[in-house]
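One structure below.
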Amino acid sequence: MSQSGLSRFEQDIIADHSEAYEDGSNFVVDWTTNDPTYNCFAYAVNFTTGFITPQNMADLGAEYAAQGFFPVNNPDDPLLRGDVEVYASRGIPAHAHKVTNPLSNECASKMGYGPVIWHPRTMLQSPRRTQATRYKYGVIVARYRRDRAKYEAWYAAMFTSTTSGRTILRKDARQTSSGKIIHKLDAWKTKSGRITKKPSSKTTKSSQAARHGSSRASVPTDDFGARHQGIHTHVAGGDEAPHHGAHGTGTAVRTGGATRVPDKQKPQQQHPQPQRAGLSSGNHAGAGAGAGASTKRPAAAPAKAKPAQAGLPSGGHTAK
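If you read the sequence shown in this note's numbering, its first letter stands for residue 1497, the second for the next number, and so on.
Structure below.
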């Protein structure tokens, strides 16, 4: 097949990677996966409902640990099906693929916002076709593997439970003077210096949002990885960034590459009441009164009749 019969997407892959055959015959595009809601780093660890956007390798390691994937430190350890390999350029993660057939060195990669391709393991780390020293994604620098035992240890070190049974980050736990474990946003110091749980009337909106917001962190979607799904605190970071996701546009607390968005608050809809001439909407004194608007005053109480005096009719006036 000539290049004229290839899509622009396929032609770009061929131009960017010298090991891609010019007729495109050594890679396959799965057009059914053309989904912009997740990227290569997320797809590689089977997370298909959001992005993982690491800023550096340490950031990526934290995100992958939350998914149950940990570094394979021995380079001589043979490839296994499901292993994830990460490409980097100048120390910055640029791409990731997962191994689908270690015997034939076949891998699968999500190409940005585009579809998944099936390709030889070395194809995407080959230099550009016309620039032998330029690489699209750099080269493979790290490998990760799903590990249940390491995930259990990571989970135990990262999370704990409050006395009421709620799971929180261990770093956010506080102990009251009576020995109870609570979230730090629920802690309250009395005048006498005792640490106790904050009275409900003192709970601020910000603490409610932090403790009860919808979790947007990337979380594993199967057995041992799904344990911390719904925990509303996160592993890394603390900077804020705009997030556009399934919950709409809002302010999201970044956790490395993943984000969470507070629960949406329903907007207070104002329904204007029909106005009558000379009266403000709702007839409330001072409420919404505008130019020319007046308020309704309560009717005056009837005057009490004076008791009749001897020789005079009720009302006290002399009979004419």
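Ideal placement from N, C-alpha and C gives every residue a C-beta, glycine not left out.
Asked, Found
"Distance, A1511 Cα to Y1631 Cα", "11 Å"
"CB contact flag (E1515, S1660, <7 Å)", "no"
"Residue from F1566, A1669, F1505 with nearest C-alpha to F1523", "F1505"
"Through-space distance from E1559 to E1581, alpha-carbon basis", "14 Å"
"Paired residues, beta bridge with A1465 - DSSP", "The structure shown does not extend to residue 1465, since the chain spans only 1497 to 1816, so no value can be given for it."
"According to DSSP, residues forming a beta bridge with A1511", "In the DSSP output, where bridge partners are listed per residue, A1511 has none listed."
"Strand pairing of R1670, partner residues [DSSP]", "I1678"
"Residues that A1683 bridges to, as DSSP identifies them", "K1693"
"Spatial neighbours of S1657 in its chain, beta-carbon cut-off 6 Å, leaving aside the 5 residues before and after", "T1663"
"Neighbour-count burial assignment, Q1627, 16 or more Cβ in a 10 Å radius", "exposed"
"L1620 to Y1633 span [Cα, whole Å]", "7 Å"
"Alpha-carbon spacing of A1742 relative to I1677, whole angstroms", "Only weak support exists for where A1742 lies, its pLDDT of 30 falling under 50; the value from the coordinates is given anyway. For A1742 and I1677, the distance between alpha carbons rounds to 33 Å."
"D1555: first and last residue of the uninterrupted alpha helix (DSSP H) it sits in", "1553-1562"
"Inter-stretch contact at 8 Å, needing at least 3 Cβ pairs: the region 1526-1537 / the region 1602-1610", "yes"
"Top-ranked residue by Cα proximity to R1617, from R1624, G1610, P1611, N1597", "N1597"
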